[in-house]
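*Asks:* Quick one: the structure is below, questions incoming.
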Amino acid sequence: MILTKTYPGILVFFLFLIGSVFTVGEEKLPNDVRWVRQSEEYKFLCRQAFREARSTIFKTARVTKGSGNLAVVVDLDETVLDNSPYQVERWKSGLSFTQDSWSEWVNRKSAGLVPGAKMFLASVRKNGVRIIFLSNRMEINLEPTKRNLQALGVLTPKDLFLLRRNKADTKEIRRKEVLNGVGRMKQVGPLQVIGYVGDQMGDFPNDRSEQNEGCFLLPNPMYGKW
Numbered sequence: 048m049i050l051t052k053t054y055p056g057i058l059v060f061f062l063f064l065i066g067s068v069f070t071v072g073e074e075k076l077p078n079d080v081r082w083v084r085q086s087e088e089y090k091f092l093c094r095q096a097f098r099e100a101r102s103t104i105f106k107t108a109r110v111t112k113g114s115g116n117l118a119v120v121v122d123l124d125e126t127v128l129d130n131s132p133y134q135v136e137r138w139k140s141g142l143s144f145t146q147d148s149w150s151e152w153v154n155r156k157s158a159g160l161v162p163g164a165k166m167f168l169a170s171v172r173k174n175g176v177r178i179i180f181l182s183n184r185m186e187i188n189l190e191p192t193k194r195n196l197q198a199l200g201v202l203t204p205k206d207l208f209l210l211r212r213n214k215a216d217t218k219e220i221r222r223k224e225v226l227n228g229v230g231r232m233k234q235v236g237p238l239q240v241i242g243y244v245g246d247q248m249g250d251f252p253n254d255r256s257e258q259n260e261g262c263f264l265l266p267n268p269m270y271g272k273w
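Numbering-wise (this note's numbering), the sequence shown opens with residue 48 and increments by one.
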């Protein structure tokens with residue numbers, strides 16, 4: 048038998064119960080993941096970091112205008128792409144990070160955007176500065192990474208990618224390739240990097256100084272070398 052009569056009170060109570068289930072689920076998340084997913088402070092800090100990066104990069108670009116080889120090196124995970132859903136999935140399953148599970152997540156192309164990332168990338172490109180995505184994602188995951196970025200509206204044909212070939216392929220090696228126009232960057236030639244954006248200290252040059260105005264750090268309490 049099909050019931051056609053509606054009982055508003057019952058419907059409202061049912062929807063309340065559904066909402067409560069999802070809310071309770073989120074509240075049980077570890078504080079680090081919940082802070083990223085729910086707090087206004089996280090969003091504020093991300094947007095603030097991108098604003099500061101944009102302002103400094105614009106000033107530098109104006110001073111060096113006409114060189115035609117300006118670039119900004121940008122990390123991907125927890126800098127442009129929000130992978131907190133992966134952290135939620137692993138926590139709910141009682142599991143930690145593995146390379147296989149991470150690769151499977153990347154291939155799903157389900158990452159969202161870190162607050163402020165889209166506006167930052169668009170603004171940098173508008174000022175004639177090239178984007179280099181330098182990430183420890185494995186090189187075999189390049190295509191799904193590109194498709195994920197494209198679906199989010201933050202990929203252009205001029206963007207360059209330097210992902211990790213193997214364990215020995217450090218970010219410092221790839222940064223030197225960018226500056227010297229060697230290795231994977233031989234066809235592009237040397238680029239003048241006027242900014243680095245990331246969520247880990249390893250996203251910045253090893254010879255940086257504490258006063259380096261070209262390095263911009265986003266918050267990431269979920270993982271790192273601590």
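Virtual Cβ for every residue (Gly too), placed ideally from N, Cα, C.
These figures come from a predicted structure and were not determined experimentally.
I need the straight-line Cα distance from V225 to L264, nearest angstrom please.
*Replies:* 20 Å
*Asks:* Below 6 Å CB to CB, which residues in the same chain sit around N267 once its five sequence neighbours on both sides are set aside?
*Replies:* The residues are E125, D246.
*Asks:* Here's the rule: buried if 16 or more other CB atoms are within 10 angstroms of the residue's CB, otherwise exposed. What is R155?
*Replies:* exposed
*Asks:* Alpha helix (DSSP H) containing N78: first to last residue?
*Replies:* According to the DSSP assignment, N78 belongs to the alpha helix (DSSP H) that extends over 78-85.
*Asks:* So, is R212 buried or exposed, given that buried needs 16 or more other C-beta atoms within 10 angstroms?
*Replies:* exposed
*Asks:* Taking the runs of the beta strand (DSSP E) that are 3 residues or longer, which of them lie wholly in the region 145-211?
*Replies:* 177-185, 207-211
*Asks:* Please report the distance separating the alpha-carbon of V235 from that of M166.
*Replies:* 26 Å
*Asks:* So for L264, helix, strand or coil by DSSP?
*Replies:* strand
*Asks:* When burial is assigned at 16 or more other CB atoms within 10 Å of the CB, is A164 buried or exposed?
*Replies:* Answer is buried; the Cβ neighbour count reaches 16.
*Asks:* What are the boundary residues of the beta strand (DSSP E) that includes L121?
*Replies:* Checking the sequence shown, residue 121 turns out to be Val, not Leu. Where V121 is concerned, the enclosing beta strand (DSSP E) stretches over 117-121.
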